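Numbering (my numbering), first residue to last: 325 to 563.
No residue lacks a Cβ here, since even glycine has one placed at the ideal position from N, Cα and C.
Owing to the predicted nature of the structure, the values given are computational and were not obtained by experimental measurement.
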(Lines of atoms letter the chains of each structure in order from A and count residues from 1; the text may use other names and numbers.)
(Lines give C-alpha, C1' and ligand atoms only; values in the text may rest on other atoms or scores of the structure.)
Protein backbone atom coordinates (compact mmCIF):
# COMPACT_ATOMS: atom_id res chain seq x y z
CA UNK A 1 0.00 0.00 0.00
CA UNK A 2 1.29 3.46 -0.89
CA UNK A 3 2.16 5.69 2.09
CA UNK A 4 -0.14 8.59 2.85
CA UNK A 5 1.13 11.90 1.53
CA UNK A 6 2.93 14.60 3.52
CA UNK A 7 2.46 18.09 2.10
CA UNK A 8 3.68 21.62 2.83
CA UNK A 9 1.95 24.82 1.72
CA UNK A 10 3.92 28.07 2.00
CA UNK A 11 1.80 31.20 2.03
CA UNK A 12 -1.16 29.33 3.48
CA UNK A 13 -2.82 32.46 4.85
CA UNK A 14 -3.55 33.83 1.36
CA UNK A 15 -6.62 33.01 -0.68
CA UNK A 16 -5.01 30.44 -2.96
CA UNK A 17 -2.72 28.97 -0.31
CA UNK A 18 -5.58 28.52 2.14
CA UNK A 19 -7.72 26.83 -0.52
CA UNK A 20 -4.87 24.48 -1.51
CA UNK A 21 -4.24 23.54 2.14
CA UNK A 22 -7.93 22.98 2.85
CA UNK A 23 -8.45 20.75 -0.18
CA UNK A 24 -5.34 18.71 0.56
CA UNK A 25 -6.41 18.20 4.18
CA UNK A 26 -9.79 16.89 2.99
CA UNK A 27 -8.21 14.12 0.91
CA UNK A 28 -8.09 10.53 2.14
CA UNK A 29 -4.62 9.97 0.65
CA UNK A 30 -3.06 12.84 2.64
CA UNK A 31 -1.73 12.23 6.14
CA UNK A 32 -0.73 15.78 7.09
CA UNK A 33 -0.49 19.25 5.65
CA UNK A 34 2.11 21.64 7.03
CA UNK A 35 0.73 25.15 6.65
CA UNK A 36 3.23 27.99 6.72
CA UNK A 37 2.51 31.69 7.08
CA UNK A 38 3.82 34.80 8.85
CA UNK A 39 1.36 34.24 11.69
CA UNK A 40 0.06 31.08 13.35
CA UNK A 41 -2.99 29.79 11.52
CA UNK A 42 -6.06 28.28 13.21
CA UNK A 43 -5.58 24.57 13.72
CA UNK A 44 -7.67 22.23 11.59
CA UNK A 45 -7.66 18.44 11.26
CA UNK A 46 -4.49 17.13 9.59
CA UNK A 47 -2.92 20.60 9.38
CA UNK A 48 0.24 21.50 11.27
CA UNK A 49 0.98 25.23 11.54
CA UNK A 50 4.41 26.84 11.26
CA UNK A 51 5.51 30.46 10.98
CA UNK A 52 8.07 31.82 8.55
CA UNK A 53 9.14 35.08 6.93
CA UNK A 54 9.63 34.91 3.17
CA UNK A 55 12.41 37.50 3.35
CA UNK A 56 14.31 35.73 6.16
CA UNK A 57 16.14 32.59 5.06
CA UNK A 58 16.85 31.54 8.64
CA UNK A 59 13.12 31.36 9.36
CA UNK A 60 12.56 29.28 6.21
CA UNK A 61 15.34 26.89 7.21
CA UNK A 62 13.99 26.59 10.75
CA UNK A 63 10.48 25.81 9.53
CA UNK A 64 11.75 23.21 7.07
CA UNK A 65 13.86 21.56 9.76
CA UNK A 66 10.73 21.27 11.90
CA UNK A 67 8.77 19.72 9.02
CA UNK A 68 11.53 17.27 8.07
CA UNK A 69 11.06 14.72 5.31
CA UNK A 70 9.87 13.01 3.35
CA UNK A 71 7.55 15.45 1.57
CA UNK A 72 5.35 14.48 -1.36
CA UNK A 73 4.18 17.98 -2.29
CA UNK A 74 5.59 21.43 -1.67
CA UNK A 75 3.29 24.20 -2.87
CA UNK A 76 4.57 27.79 -2.78
CA UNK A 77 1.58 30.13 -2.88
CA UNK A 78 3.41 33.35 -2.10
CA UNK A 79 3.54 36.39 -4.36
CA UNK A 80 3.06 40.13 -4.64
CA UNK A 81 1.82 42.39 -7.42
CA UNK A 82 2.09 45.79 -5.72
CA UNK A 83 4.63 47.22 -3.30
CA UNK A 84 4.13 47.57 0.44
CA UNK A 85 3.27 51.24 -0.13
CA UNK A 86 0.52 50.29 -2.57
CA UNK A 87 2.25 51.49 -5.73
CA UNK A 88 2.71 49.49 -8.90
CA UNK A 89 2.75 47.56 -11.09
CA UNK A 90 4.68 49.93 -13.34
CA UNK A 91 2.97 50.92 -16.58
CA UNK A 92 6.09 52.53 -18.04
CA UNK A 93 9.85 52.36 -17.67
CA UNK A 94 9.58 55.89 -16.21
CA UNK A 95 8.01 54.35 -13.08
CA UNK A 96 10.92 51.99 -12.41
CA UNK A 97 13.06 52.40 -9.31
CA UNK A 98 15.62 50.14 -7.68
CA UNK A 99 13.73 49.78 -4.39
CA UNK A 100 10.51 48.70 -6.05
CA UNK A 101 12.27 46.20 -8.25
CA UNK A 102 14.19 44.75 -5.31
CA UNK A 103 10.94 44.34 -3.36
CA UNK A 104 9.23 42.47 -6.21
CA UNK A 105 12.19 40.16 -6.73
CA UNK A 106 12.53 39.49 -2.99
CA UNK A 107 8.95 38.26 -2.77
CA UNK A 108 8.35 36.72 -6.19
CA UNK A 109 11.77 35.24 -6.95
CA UNK A 110 14.25 35.08 -4.09
CA UNK A 111 11.80 33.91 -1.42
CA UNK A 112 10.42 30.97 -3.44
CA UNK A 113 13.96 30.05 -4.51
CA UNK A 114 15.08 29.85 -0.89
CA UNK A 115 12.04 27.73 -0.05
CA UNK A 116 13.13 25.40 -2.85
CA UNK A 117 16.67 25.34 -1.44
CA UNK A 118 15.41 24.03 1.89
CA UNK A 119 12.53 21.79 0.73
CA UNK A 120 13.91 19.99 -2.29
CA UNK A 121 16.26 17.88 -0.15
CA UNK A 122 13.14 16.81 1.78
CA UNK A 123 11.28 15.49 -1.28
CA UNK A 124 10.55 11.79 -1.07
CA UNK A 125 12.90 9.50 -2.95
CA UNK A 126 10.47 7.46 -4.97
CA UNK A 127 6.82 7.96 -5.69
CA UNK A 128 6.22 11.21 -7.59
CA UNK A 129 7.09 14.14 -5.31
CA UNK A 130 6.28 17.60 -6.64
CA UNK A 131 7.59 21.10 -5.99
CA UNK A 132 5.15 23.67 -7.39
CA UNK A 133 5.35 27.46 -7.18
CA UNK A 134 2.79 30.03 -8.25
CA UNK A 135 3.90 32.01 -11.27
CA UNK A 136 1.86 33.90 -13.85
CA UNK A 137 1.22 33.89 -17.58
CA UNK A 138 2.56 37.45 -17.71
CA UNK A 139 5.93 35.99 -16.70
CA UNK A 140 6.19 34.37 -20.13
CA UNK A 141 8.59 36.33 -22.35
CA UNK A 142 7.26 34.85 -25.59
CA UNK A 143 3.63 35.55 -24.58
CA UNK A 144 4.26 39.22 -23.75
CA UNK A 145 2.28 41.38 -26.17
CA UNK A 146 1.38 44.39 -24.02
CA UNK A 147 4.49 45.30 -22.05
CA UNK A 148 4.30 47.12 -18.72
CA UNK A 149 4.19 45.58 -15.25
CA UNK A 150 7.97 45.47 -15.54
CA UNK A 151 9.08 44.28 -12.11
CA UNK A 152 6.26 41.77 -11.71
CA UNK A 153 6.77 40.27 -15.17
CA UNK A 154 10.54 40.11 -14.72
CA UNK A 155 10.37 38.58 -11.23
CA UNK A 156 8.00 35.84 -12.42
CA UNK A 157 10.10 35.17 -15.52
CA UNK A 158 13.11 34.80 -13.24
CA UNK A 159 11.17 32.38 -11.03
CA UNK A 160 10.30 30.30 -14.10
CA UNK A 161 13.98 30.12 -15.02
CA UNK A 162 15.01 29.12 -11.50
CA UNK A 163 12.45 26.33 -11.36
CA UNK A 164 13.69 25.10 -14.75
CA UNK A 165 17.20 25.03 -13.24
CA UNK A 166 15.92 23.17 -10.16
CA UNK A 167 14.20 20.62 -12.39
CA UNK A 168 17.47 19.85 -14.17
CA UNK A 169 19.24 19.40 -10.84
CA UNK A 170 16.44 17.23 -9.48
CA UNK A 171 16.73 15.07 -12.58
CA UNK A 172 20.20 14.11 -11.39
CA UNK A 173 19.53 13.78 -7.66
CA UNK A 174 15.89 12.64 -7.48
CA UNK A 175 14.72 11.54 -10.95
CA UNK A 176 11.16 10.78 -9.85
CA UNK A 177 10.62 14.35 -8.61
CA UNK A 178 8.89 17.12 -10.56
CA UNK A 179 9.41 20.88 -10.26
CA UNK A 180 6.98 23.23 -12.02
CA UNK A 181 5.53 26.70 -11.94
CA UNK A 182 1.77 27.20 -12.21
CA UNK A 183 -0.45 29.97 -13.56
CA UNK A 184 -3.61 30.00 -11.41
CA UNK A 185 -5.79 32.09 -13.72
CA UNK A 186 -7.29 35.36 -12.56
CA UNK A 187 -8.31 34.62 -8.99
CA UNK A 188 -10.63 36.71 -6.83
CA UNK A 189 -8.17 37.61 -4.05
CA UNK A 190 -6.97 40.90 -2.54
CA UNK A 191 -3.86 40.65 -4.76
CA UNK A 192 -5.89 40.86 -7.97
CA UNK A 193 -8.79 42.99 -6.67
CA UNK A 194 -7.50 46.31 -8.09
CA UNK A 195 -7.03 44.72 -11.52
CA UNK A 196 -10.29 42.81 -12.01
CA UNK A 197 -12.03 45.51 -14.02
CA UNK A 198 -12.90 44.15 -17.43
CA UNK A 199 -12.33 40.51 -16.47
CA UNK A 200 -15.39 38.46 -17.55
CA UNK A 201 -17.09 36.84 -14.59
CA UNK A 202 -16.57 33.36 -16.03
CA UNK A 203 -12.81 34.01 -16.10
CA UNK A 204 -12.58 35.31 -12.53
CA UNK A 205 -12.11 32.25 -10.35
CA UNK A 206 -12.83 31.91 -6.65
CA UNK A 207 -9.71 30.60 -4.89
CA UNK A 208 -11.33 27.21 -4.33
CA UNK A 209 -11.86 26.66 -8.06
CA UNK A 210 -8.31 27.72 -8.96
CA UNK A 211 -6.90 25.45 -6.23
CA UNK A 212 -8.95 22.50 -7.48
CA UNK A 213 -7.73 23.01 -11.04
CA UNK A 214 -4.08 23.29 -10.01
CA UNK A 215 -4.24 20.19 -7.84
CA UNK A 216 -5.70 18.36 -10.83
CA UNK A 217 -2.76 19.55 -12.92
CA UNK A 218 -0.31 18.40 -10.24
CA UNK A 219 -1.99 14.98 -10.11
CA UNK A 220 -1.29 14.47 -13.80
CA UNK A 221 2.37 15.53 -13.84
CA UNK A 222 5.19 13.19 -14.77
CA UNK A 223 8.97 13.72 -14.60
CA UNK A 224 8.84 14.65 -18.30
CA UNK A 225 6.88 17.77 -17.28
CA UNK A 226 9.51 18.95 -14.83
CA UNK A 227 10.81 22.47 -15.41
CA UNK A 228 7.72 23.71 -17.26
CA UNK A 229 5.06 26.35 -16.63
CA UNK A 230 1.47 25.11 -16.72
CA UNK A 231 -1.77 27.07 -16.68
CA UNK A 232 -4.71 26.14 -14.45
CA UNK A 233 -6.28 24.13 -17.30
CA UNK A 234 -3.20 21.97 -17.82
CA UNK A 235 -1.99 23.80 -20.93
CA UNK A 236 1.76 24.37 -21.09
CA UNK A 237 2.73 28.05 -21.25
CA UNK A 238 5.90 28.73 -23.21
CA UNK A 239 8.66 30.72 -21.57
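Item                                                                                                                 : Value
Every unbroken alpha helix (DSSP H) inside the region 447–479 [4 residues or more]                                   : none
The region 360–367 in contact with the region 326–338 per 3-pair CB rule at 8 Å                                      : yes
Beta-bridge pairing of residue 494 - partner residues as DSSP gives them                                             : Answer is none; residue 494 lacks a bridge partner.
Straight-line gap, residue 445 to residue 469 (C-alpha atoms, nearest Å)                                             : 38 Å
Range covered by the beta strand (DSSP E) that runs through residue 384                                              : Not the beta strand (DSSP E): residue 384 falls in the alpha helix (DSSP H), residues 381–391.
Segments assigned alpha helix (DSSP H), at least 4 residues, entirely inside the region 331–406                      : 339–349 and 381–391
The region 414–421 contacting the region 450–470, beta-carbon criterion three pairs below 8 Å                        : no
Residue 408 versus residue 380 - alpha carbon distance                                                               : 17 Å
contact_flag[the region 432–450, the region 382–392] where n(CB pairs < 8 Å) is 3 or more                            : yes
Inter-residue Cα distance where the pair is residue 332 and residue 374                                              : 10 Å
Segment limits, alpha helix (DSSP H) that includes residue 443                                                       : 435–443
First and last residue of the uninterrupted beta strand (DSSP E) at residue 506                                      : 502–507
As assigned by DSSP and simplified to three states, the class of residue 429                                         : helix
Cβ contact check for the region 534–546 and the region 484–499: 3 or more pairs under 8 Å                            : no
Segment contact, 8 Å Cβ cut-off, at least three pairs: the region 454–465 with the region 545–555                    : yes
Euclidean distance between Cα positions of residue 328 and residue 351                                               : 10 Å
Residues bridged to residue 560 [DSSP beta-bridge criterion]                                                         : 554
Whole-angstrom distance between residue 505 and residue 562, CA atom to CA atom                                      : 11 Å
Same chain, Cβ closer than 6 Å to residue 394, neighbours up to 5 away in sequence not counted                       : 448
Cα-Cα separation, residue 512 to residue 529                                                                         : 6 Å
Other residues of its chain near residue 549: CB distance less than 7 Å, five sequence neighbours each side excluded : 502 and 504
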